[in-house]
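Here the sequence shown is numbered in the numbering used here, starting from 3 and rising by one per residue.
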Amino acid sequence: MPRFFIKVFVPGPFFEPLTYASEALIDAGVRVQVPLGSREVIGICTGESETPETLDTIKSVISVIDDESIISPQHQALIDFAAHYYLAPPGDLLLSSLPTTLRKGKPVPRPKTETGHKNSPAYQLTTEQQDAIDAVDQKANQFQCFLLQGVTGSGKTQVFSELIHRTIKRGQQVLLLVPEIGLTGQMVTRIQDQLDGELAVSHSGIADGARTKAFVASAKGIADVLIGTRSALFTPLPKLGLILVDEEHDGAYKNQEGCRYSARDLAIVRAKQASIPIVLSSATPSLETWQQAELGKYQRLRLSARPGQQPQPTIRLIDARHDKPKNGLSEAARRAIRHAIDHDQQALVFLNRRGYSPVLMCTDCGWIPGCRHCDAKPTLHRQPDSLWCHHCDHRQRPVSVCPECSSLNLLAVGHGTERLEEALADGFPDVPVIRVDRDTTARRRAFEQLIQPVIDGQPCILVGTQMLAKGHDFQKLSTVVVTDADQGLSGADFRSVEHFAQLLTQVAGRAGRHGATGQVLIQTHRPDSEWFERILKQDYDHLARAMLGERQQFHWPPESHLALITARATTSAPVFEALGTIAHQIRALNSPVRVLGPAPAPMERRNRQYHGQLLILGKRSLIQWALKETGPWAYKKQGKVMFQLDVDPWDLW
Ligand code: ADP
Ligand code: ZN
Ligand code: ZN
């Protein structure tokens, strides 16, 4: 008979730890290797268990990996909150919060950091910057959420740098979250430049081993600052004194695989648990955050101008009905790009659609190829030649003969970034054209390499997707062209307009941050839209107020809270049956939450499977209660149906 029984968190859809037999007592937070079904997995011990009733089926721990716990109580507390709030399996969440090498059972490596360069800023802080810094400083060692709402280019990063400086001086650590890998590079360079301390960096563009070293450096209190993307949120920081969330409105903070947590929302929870201040920064805050600031729950700090009288860019609409775009570009846009280049400046052409062309069509009979696995049209790509479905990743060879009428007249309709790159290279042969989208940046460090000439200030034209919209501070970039602004306004999702307005403002904000006044041209077929009128005012509060009014009218968030239950299976009947049962159970609770559906998902057939959904609207606490009463069914396969629960969904897909 074994001497001890221990509880172990294992990966997978287990809402409770499993019990194993062990020859020795194992501390909570220590990694162990255990059998699970026919596999052997790495789990985390979570304490001693009572003697189980079914003794004969109990399996034994295979090996113990760590000498001491690698999970701090603070780390565990954050995971517990997330598991509770998102109704996710706590063990799975805990394990996925560790860097890959630790999750795989590798030994804890030595910590590694980079040392700051201790340079002083080349300028004086503005009064607004100083006020913002003082306000946060006053709340040291207390929980307070701040919204640093500053127009693009107003010097938010400098505020971060100074706040980091002060926090380190108090002997504390800082966590700085950034939305995307592309953004991390420049942010790291800028923070490291002035940093008087040690820096660790964590994001998916960094090798697993290096990431683990950053994790250890943070956990041991050696790193003074940790800069990272979404998953860095869970990194243990024993002396944490401040959390900074850059571009807080960004969708990249929402995890879209596994537990659908929002790193921004959990960062606020973490700050509360640690009793420290947190600063959310954005030129275009999410409506959720903006409303909290209006209500006075978050303290708003404003940076209303660019330092040194650098003006905001001028924004102008191009009526694409009159100045008809040729190869994606209107005459006015071509002239503006030419002007920029001739004046030793750079231009950015923005199109949020990768590939060559969104549609291939037979001009004789109108046939358009579809994706075999989705209700979607594959995008034509030229590098390499393929019809590529962006929803399921299925690629097929492009057709050259129409299968319906045997015609050879197949036409690529519309533009993607590849095609725009081609047109720009034709029209501006004297300068390099640099395309930045998911396809050109898939390799590690590809993004940094691609944009290096832009940072160096060489004359060039940048063309790309939303990867270019954010954060970057390109000194020589004076002109921005948004080639297809109609896409964003026609979105069906309740957040479409918000996301579109944020994207436009952010892209526009890349223009003219130094030197010449920036110029932004927006090509649209709908120049009369009232949303354009609001966006052109460049007054985000005005815009936010209008958007919030609309949300309140239709009871969408932040007026209400949402949870989205998605179910999928190879045929549609079991999906609707399973969702119908859940809908019935929730309605039978007689609580004032509203249940919408079951309904087909916006794209019903995706990746060979049928998708249906159920939307639950109401007060946050009531939704939580209803989900707990009827669950847990998320993460579990019920018969043929897979469920996915998304609390506070980012969109309704
Ligand atoms: P944001 O993050 O708000 O978009 P940045 O922090 O990138 O803005 O600042 C924009 C530019 O202004 C940067 O090149 C930065 O070095 C510069 N800057 C920041 N603060 C000041 C200041 N007080 N005086 C002069 N220049 C500043
Ligand atoms: Zn045809
Ligand atoms: Zn597909």
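Where a beta carbon is used, it is the ideal one built from N, C-alpha and C, also for glycine.
Residue i: CB within 6 Å of a non-hydrogen atom of ligand 2
| i | result |
| --- | --- |
| S402 | no |
| E296 | no |
| C364 | yes |
| C147 | no |
| C407 | yes |
| W390 | no |
Bridge-paired residues (DSSP) for residue i
| i | result |
| --- | --- |
| Q175 | L242 |
| R437 | V465 |
| S24 | F6 |
| I60 | Paired residues: none, contrary to the question. |
| V190 | According to DSSP, which records beta bridges pairwise, V190 is partnered with nothing at all. |
| T526 | D321 |
| T519 | According to DSSP, T519 bridges with nothing at all. |
| Q146 | P279 |
| S388 | H383 |
| V499 | None, per the DSSP bridge assignment. |
| R41 | L38 |
| C47 | V10 |
| I229 | L178, V203 |
| D648 | L566 |
Under 7 Å between C-beta atoms of residue i and residue j
| i | j | result |
| --- | --- | --- |
| D656 | P405 | Residue 656 is absent from the model: the chain starts at 3 and stops at 655. |
| V309 | T128 | The question names Val, but residue 309 is Pro in the sequence shown. Going by C-beta atoms, P309 is nearer than 7 Å to T128. |
| I73 | L95 | no |
| I166 | V227 | yes |
| A585 | L564 | no |
| P13 | L150 | no |
| A234 | T115 | no |
| V595 | I625 | yes |
| R33 | I64 | no |
| M644 | R570 | yes |
| A2 | Q275 | Because the chain is modelled from 3 through 655, residue 2 falls outside the range shown and cannot be assessed. |
| A546 | L591 | no |
| G418 | S480 | no |
| V465 | V509 | no |
| K256 | W652 | yes |
| G243 | Q174 | yes |
| D377 | E606 | yes |
| L412 | L362 | yes |
Rounded straight-line distance, which links the Cα of residue j to that of residue i
| i | j | result |
| --- | --- | --- |
| E663 | G493 | It is not possible to answer for residue 663, since the shown part of the chain is limited to 3 through 655. |
| D133 | R622 | 35 Å |
| V649 | N329 | 42 Å |
| G614 | R374 | 19 Å |
| A102 | T316 | A small fix is needed here, since residue 102 is Thr in this sequence, not Ala. For T102 and T316, the distance between alpha carbons rounds to 46 Å. |
| N143 | C462 | 47 Å |
| V435 | A338 | 16 Å |
| P37 | F145 | 42 Å |
| H544 | S122 | 37 Å |
| E249 | S62 | 47 Å |
| G372 | I320 | 33 Å |
| Q504 | K472 | 10 Å |
| S40 | I618 | 38 Å |
| V433 | N354 | 22 Å |
| K241 | Q347 | 45 Å |
| Q451 | D195 | 20 Å |
| E513 | A209 | A small correction: the amino acid at residue 513 is Ala; Glu does not occupy that position in the sequence shown. Answer to the nearest angstrom: the Cα atoms are 33 Å apart. |
heavy atom of ligand 3 below 6 Å from residue i C-beta
| i | result |
| --- | --- |
| H383 | no |
| H613 | no |
| H474 | no |
| A603 | no |
| H671 | Nothing about residue 671 can be reported from this structure: the residues present for the chain run from 3 to 655 only. |
| H375 | yes |
| Q216 | Note that residue 216 is Ala in the sequence shown, not Gln. No, ligand 3 has no heavy atom inside 6 Å of this Cβ. |
| H251 | no |
Heavy atom of ligand 1 within 6 Å of residue i beta-carbon
| i | result |
| --- | --- |
| K656 | No information on residue 656 is available, as it lies outside the stretch 3 to 655 that the chain covers here. |
| T159 | yes |
| G152 | yes |
| E470 | As written in the sequence, residue 470 is Leu, which differs from the Glu given in the question. Checking every heavy atom of ligand 1 against the Cβ of L470, none is found closer than 6 Å. |
| G310 | yes |
| L303 | no |
Would you mind listing the beta strand (DSSP E) stretches within the segment 303 to 327 that are 3+ residues and don't spill past its ends, in chain order? Runs of the beta strand (DSSP E) spanning 3 or more residues and lying entirely within the segment 303 to 327 occur at 316 to 321, in chain order.
Only counting runs of 4 or more residues, tell me where the alpha helix (DSSP H) segments fall wholly within the segment 540 to 590, in order along the chain. Here the runs fully enclosed are 542 to 556, 574 to 590.
Where are the alpha helix (DSSP H) runs, 4 residues long or more, that stay fully inside the segment 599 to 646, in chain order? 622 to 632
At 3 residues or longer, what runs of the beta strand (DSSP E) sit wholly inside the segment 399 to 455? Whole beta strand (DSSP E) segments, 3+ residues: 412 to 415, 435 to 438.
Would you mind listing the beta strand (DSSP E) stretches within the segment 250 to 295 that are 3+ residues and don't spill past its ends, in chain order? DSSP runs (the beta strand (DSSP E)) wholly in the segment 250 to 295: 279 to 284.
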